[in-house]
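Enquirer:
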Amino acid sequence: MLHGIPQKVEPKQSDPIPCNIVKNKSDHQGTYQDGKFKQFAAKVLIEPQDFTAKRVKLTDNRGTDLGEFEVQDITYLEAVDALQITV
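Residues are numbered in this note's numbering as their position in the sequence shown, beginning at 1, plus a constant of 282.
#1: Report the rounded CA-to-CA distance for VAL326 versus VAL291, giving the unit in angstroms.
#2: For the beta strand (DSSP E) containing ASP355, list its first residue and its last residue.
#3: Let me check one thing: in DSSP terms, what residues is THR341 bridge-paired to?
#4: Would you check if the distance between the CB atom of ALA324 and the CB atom of ASN306 is smaller than 8 Å?
#5: Considering LEU284, what are the terminal residues of the beta strand (DSSP E) in which it resides?
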């Protein structure tokens, strides 16, 4: 808001954050009427930090785009001092 007037929100990407991605599920088994879709679920580990994103864009270490996903859960893992993001 600016002077009580709602302003248009501009979504933007942050700088890339190094992470470790573990795929739980990645297959082409999903189907719906008149088509198919890819199922994907993963756990992403990052260094502890303030993290409030609702969506993340994942790429592998070769820069291949894995897609943009909704964040399902964020958990702090004390034993390894990392944040686990479930997508």
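Where a beta carbon is used, it is the ideal one built from N, C-alpha and C, also for glycine.
Expert: So, from the data block:
#1: Taking the first residue of the sequence shown as position 1, residue 326 is located at position 44. Taking the first residue of the sequence shown as position 1, residue 291 is located at position 9. Straight-line spacing of the CA atoms in VAL326 and VAL291 works out to 27 Å.
#2: Taking the first residue of the sequence shown as 1, we reach residue 355 at position 73. In the DSSP assignment, ASP355 falls within the unbroken beta strand (DSSP E) covering 355-359.
#3: In the sequence shown, the residue the question calls residue 341 occupies position 59. According to DSSP, which records beta bridges pairwise, THR341 is partnered with ASP347.
#4: Here residue 324 corresponds to residue number 42 of the sequence shown, with the count starting at 1. Here residue 306 corresponds to residue number 24 of the sequence shown, with the count starting at 1. A contact, by the Cβ cut-off of 8 Å.
#5: Here residue 284 refers to the residue found at position 2 of the sequence shown. Premise fails: LEU284 is in no beta strand (DSSP E) and is neither H nor E.
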